[in-house]
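Shown next, in structure tokens, is the structure this report addresses.
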Amino acid sequence: MYEIKISLTFQKQVYAIFFVIILSLVRGVTYSNEIGIALEAPIAILAFTFCADTYTQEIASKRLEIQRLYSMKKRIYCIYRRIVIQEIFLLVVAAASYGLFFLFQNPRTDGIGQSGLESEISQFLVYFAAISVTLGFWGLLSNLFSCFFQNMWAGIGGCLMLWMITNSSIGDRYFGAWNLFSYTFRKLENISDFSWICGKIVCICIGIMAVAVLPKIIEKRG
Amino acid sequence: MGIKIVDLTVTFRNKVTAIDHANLEIPKGIFGLLGENGAGKTTLMRVLTTVLSPTSGTVTLDGILYSKGNFEKIQRKIGYLPQEIDLYPSLSVQECLEYMGDLSGIPKQIYKERIRYYLEKTNLSEHSRKKMKQLSGGMKRRVGLIQALLNEPEFLIVDEPTTGLDPEERIRIRNLLVDFSEERTVLFSTHVVEDLVATCNQLAVMKKGKFLYSGNIKELLNQAKGHIWICKTKEEQVVRELEKKYHISSKQYVGDELQMKLISEAQPKIECSSCEATLEDAYIYIVNKEAYY
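Here it is, written out as structure tokens:
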């Protein structure tokens, strides 16, 4: 799998790991159920910066001129493979960063609705499911923007704008449970409220559309 | 068969015309492409590799018209080494070539065999485990050439393949291209005139998007015949005047005199003698011909 070496360079791995280490050191949490809230939005930034060069690295290095001689099917398959590799790596990093909060901050586990180990495990599993969707969404979107504008910074910039809108009180007020960061804005006191899943469904739908549109963009833009 | 270019024009969005109503036939064998920087050589190659679409005119490869519907068929017949390319720095030479072989759709067994063969031919076998980022410019160029050869293309386009190579390596690459060109077409773009002399019989000279010459090298040399002059002088003032009036293709101190090669339509008004034209002289003569009239 040469794609691993291409899409997960040493520098990228280092900055991703440093990012979550620093985050888990500086972002304070009191209770363990706040960890997901502390992680989701920053991890989204990591995802869209990490995946923005998935394909545009071919443009910057002029390899695209050779790539254009290859079949479209092979090229698209190659991009998807790189995205999957990066997303798996980010997922491992996101899971590890949850543990880092416990390691560095030793948060309390006796908050409202929290009752022992079982509750902690289910809390982590919910976080893991939500963060998987978040990572997938932001990774796919930044790659899509980058491919469309043929520029990595356009991918990062476009995602950053969307991030600022949705990760704000305005975004929460306007989109509510349908917000892309609905997991972050959920009410911690009401543990039986899963209405935030609507926001994740929006992420999944847009992500599927991004996967479907990508081949058309590559075909059109080269 | 080969490649046929008819009335080709490429104009960019900023209205710059890189190729201006150009016509050319590229037969089988090695075909040289010479021209100053910005003459339109790279644009022509980008059209031939289907990266760029012409504004007007037609291009055919072995009778297949360059059109969207035929691009896939054409792309399978082409191998391309661009002028600047940064191949996967985190992969080793072997890995990089295997990866590119896989992407070009060649069966694994075949591309592995070809990689071994070309690594040996380009003297890179002992560097096959080195990372691409650890290679010198010349070595990277050779790896780039191997990737272009991997699918055994019917039409190979190489843009300055010998840049950064030492003399021995240049000869090796030139010979490889000559061997490869048997029954195939190789478009060889370079600024190194020596490389063309050593490999091609046919060439085209480009200037400002137009072909000033296309045909046999001997014929090009014949055109320059009688327009290349050698003179010797000791006086600095004479040298300055000659430099103002004529194109000087070479200067060399012979004893205490300066020997100069001048390119002029008529015999210069100084003591001089006519001499044999080299391809470099002929090229300078052709690209500046208008200025002599």
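Top to bottom, those sequences are chains A and B. Here the numbering used here is used: the first residue of the first sequence is 1, the next is one more, and so on. Here the numbering used here is used: the first residue of the second sequence is 223, the next is one more, and so on. Backbone N, C-alpha and C define an ideal beta-carbon position, used for all residues, glycine too.
Should A:T30 be labelled buried (16 or more other beta-carbon atoms within 10 Å of its own) or exposed?
Sequence index remark: in the first sequence, residue 30 of chain A carries index 30 (1-based). Exposed, by the Cβ-count rule.
Helix, strand or coil at A:W138 [DSSP, three-state]:
As a first step, residue 138 of chain A is located in the first sequence; it is residue number 138 there, counting from the start. Note: A:W138 maps to helix in three-state DSSP.
Three-way DSSP call (helix, strand, coil) for B:I307 in this model:
Within the second sequence, residue 307 of chain B is the residue found at index 85, counting from 1. Three-state DSSP puts B:I307 in coil, outside helix and strand.
Output yes if chain A places a C-beta closer than 8 Å to the C-beta of B:Y302; else output no.
In the second sequence, residue 302 of chain B corresponds to position 80, counting from 1. True, the Cβ-Cβ gap to chain A drops below 8 Å.
B:E479 - DSSP class collapsed to helix/strand/coil:
Translated into the one-based positions of the second sequence, residue 479 of chain B becomes position 257. Strand at B:E479.
How would you list, in chain order, the residues of chain B whose beta-carbon sits under 7 Å from the beta-carbon of A:R221?
Here residue 221 of chain A corresponds to residue number 221 of the first sequence, with the count starting at 1. Correct list: empty, because the minimum Cβ distance to chain B is about 12 Å.
For A:T166, report the span of its alpha helix (DSSP H) as first-last.
Position 166 of the first sequence, counted from the first residue, corresponds to residue 166 of chain A. Element bounds for A:T166: M152 to T166.
Cβ neighbour criterion (16 or more within 10 Å) applied to B:L341:
Walking along the second sequence from the start, residue 341 of chain B turns up at place 119. Buried, by the Cβ-count rule.
Helix, strand or coil for B:L418? Go by DSSP, reduced to three states.
Locating residue 418 of chain B in the second sequence gives position 196, counting from the first residue. Reduced to three states, the DSSP call for B:L418 is helix.
Using a beta-carbon distance below 8 Å, is B:I225 in contact with chain A?
Your numbering for residue 225 of chain B matches position 3 in the second sequence. With 8 Å as the cut-off, B:I225 does not count as an interface residue toward chain A.
Give me the Cα-Cα distance between B:Y468 and B:G437, rounded to the nearest whole angstrom.
Here residue 468 of chain B corresponds to residue number 246 of the second sequence, with the count starting at 1. Here residue 437 of chain B corresponds to residue number 215 of the second sequence, with the count starting at 1. Rounded to whole angstroms, B:Y468 to B:G437 spans 26 Å at the Cα level.
Let me know the alpha helix (DSSP H) ranges lying completely inside the segment 424-489 of chain B, each 4 residues or longer, listed in chain order.
Qualifying alpha helix (DSSP H) stretches, in chain order: 439-446 and 458-467.
Am I right that A:G234 and A:N179 are in contact with their C-beta atoms under 8 Å? What's the rounded C-beta distance?
This structure cannot speak to residue 234 of chain A, because chain A is shown only from 1 to 222.
Say yes only if the C-beta of A:R82 is nearer than 7 Å to one or more non-hydrogen atoms of the ligand PLP, and no if none qualify.
Absence of the ligand PLP from the depicted structure is noted, as is the absence of any ligand whatsoever, leaving it without description.
Beta-carbon contacts of A:S97 that lie in its chain and below 7 Å, excluding the five residues immediately before and after
In the first sequence, counting from the first residue as 1, residue 97 of chain A sits at position 97. Only V20, L23, S24 and L39 meet the Cβ criterion.
Ordered along the chain, which non-local residues of its own chain (more than five positions away) have a Cβ less than 6 Å from that of B:I337?
Within the second sequence, the letter at position 115 stands for residue 337 of chain B. Here the set comprises L319.
Please list, in chain order, the chain A residues whose beta carbon lies closer than 7 Å to that of B:Y310.
Locating residue 310 of chain B in the second sequence gives position 88, counting from the first residue. Near B:Y310 (Cβ distances below 7 Å), the residues of chain A are I6.
Please report the distance separating the alpha-carbon of B:L346 from that of B:A370.
The sequence position of residue 346 of chain B within the second sequence is 124, counting from 1. The sequence position of residue 370 of chain B within the second sequence is 148, counting from 1. Using only the alpha carbons, I get a separation of about 15 Å.
With DSSP as the reference, identify every bridge partner of B:G251, one or two as the case may be.
In the second sequence, residue 251 of chain B corresponds to position 29, counting from 1. Partner(s): B:T407.
Alpha carbon of A:F50 to alpha carbon of B:A244, nearest angstrom
As a first step, residue 50 of chain A must be located in the first sequence, where it is residue number 50. As a first step, residue 244 of chain B must be located in the second sequence, where it is residue number 22. Taking the straight line joining both Cα atoms gives about 45 Å.
Touch check for the segment 249-268 of chain B and the segment 371-389 of chain B: three-plus C-beta pairs under 8 Å?
Taking 8 Å as the limit for Cβ pairs, the verdict is that the segment 371-389 of chain B does touch the segment 249-268 of chain B.
Chain B contact residues for A:C205, given Cβ-Cβ distances below 7 Å:
Residue mapping note: residue 205 of chain A aligns to position 205 of the first sequence, counting from 1. Going along chain B, no residue has its Cβ under 7 Å from A:C205, so there is no contact; the nearest lies around 31 Å.
When you compare the CB positions of A:G111 and A:N33, do they come within less than 8 Å of one another, or not?
Translated into the one-based positions of the first sequence, residue 111 of chain A becomes position 111. Translated into the one-based positions of the first sequence, residue 33 of chain A becomes position 33. In contact: A:G111 and A:N33 (Cβ atoms closer than 8 Å).
Quick one: what's got a C-beta closer than 8 Å to B:D478's C-beta in the same chain, skipping five residues either side?
Against the second sequence, residue 478 of chain B aligns to sequence position 256. The answer, listed in chain order, is K456.
Hey, does A:R81 have any beta-carbon neighbour from chain B nearer than 8 Å?
The residue given as residue 81 of chain A occupies position 81 in the first sequence. No, because no Cβ of chain B sits closer than 8 Å to the Cβ of A:R81.
What did DSSP end up calling A:V29 once you bin it into helix, strand or coil?
Stepping through the first sequence from its first residue, residue 29 of chain A is reached at position 29. Coil.
Segment limits, beta strand (DSSP E) that includes B:K226:
Reading the second sequence from its first residue, position 4 is the one you call residue 226 of chain B. Where B:K226 is concerned, the enclosing beta strand (DSSP E) stretches over I225 to T233.
Does the distance from the CB of B:E374 to the CB of B:K250 come in under 8 Å?
To locate residue 374 of chain B, count along the second sequence from 1; it is residue 152. To locate residue 250 of chain B, count along the second sequence from 1; it is residue 28. No.
I'd like to confirm the pairing. Which residues does DSSP put opposite A:R81 in its beta bridges?
Within the first sequence, numbered from 1, the residue matching residue 81 of chain A stands at position 81. In the DSSP output, where bridge partners are listed per residue, A:R81 has none listed.
Could you tell me whether any Cβ in chain B is nearer than 8 Å to the Cβ of A:R68?
By 1-based counting over the first sequence, the position of residue 68 of chain A is 68. Yes - at least one Cβ of chain B is within 8 Å of the one on A:R68.
Would you check if there are 3 or more beta carbon pairs closer than 8 Å linking the segment 52-63 of chain A to the segment 297-316 of chain B?
yes
If the cut-off is 7 Å on Cβ atoms, which residues from the segment 51-66 of chain A count as contacting chain B, listed in chain order?
S61, K62, R63, E65 and I66
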